[in-house]
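Q: So the sequence shown is numbered by this note's numbering: it starts at 51 and just counts up by one. After the structure tokens below, expect a handful of questions from me.
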Amino acid sequence: MTIAAIREKLHDFVNTADDKQVETLYSIFEDEIAEKYDWWKDEGFLKELKCRLDDIESCKVQGISWEVVKLKARDRLAAKNRKS
51 MTIAAIREKL HDFVNTADDK QVETLYSIFE DEIAEKYDWW KDEGFLKELK
101 CRLDDIESCK VQGISWEVVK LKARDRLAAK NRKS
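Right, dumping it as structure tokens:
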């Protein structure tokens with residue numbers, strides 16, 4: 051199984067797990083999660099965000115609204131649930 055497939059399975063599991071399962075997973079990885087970098091302090095990340103915002107504002111690329119993002123996510127989840 052590829053790393054991408056493993057990541058997707060883990061994402062799916064976390065997104066559908068009950069509260070107890072999520073708490074258990076969090077307790078296992080809590081230290082690693084706490085060690086993650088502060089993305090809002092990462093100059094490279096901030097530079098990339100600024101670049102993407104500039105592209106959207108200059109109409110170089112077309113963005114999508116938060117409402118559309120949520121709708122697509124709900125549709126994808128509903129389709130996935132129909133498969134199960």
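No residue lacks a Cβ here, since even glycine has one placed at the ideal position from N, Cα and C. All figures in this text were calculated on a predicted structure; none of them were measured in a lab.
Taking the continuous alpha helix (DSSP H) assigned at Ser-77, which residues delimit it?
A: 69-85
Q: Would you kindly work out how many angstroms separate the C-alpha atoms of Glu-94 and Glu-82, rounded to a whole number?
A: At residue 94 the sequence reads Gly, which differs from the Glu that was named. Rounded to the nearest angstrom, the two C-alpha atoms are 22 Å apart.
Q: Give the DSSP-derived three-state secondary structure of Asp-104 in the structure shown.
A: helix
Q: Using a Cβ-Cβ cutoff of less than 6 Å, which residues in the same chain neighbour Lys-110 once the five nearest sequence positions on both sides are dropped?
A: None.
Q: What's the C-alpha gap between Asp-68 and Lys-130?
A: 18 Å
Q: Could you spell out where the alpha helix (DSSP H) holding Thr-52 opens and where it closes?
A: Per DSSP, Thr-52 belongs to no alpha helix (DSSP H) and is neither H nor E.
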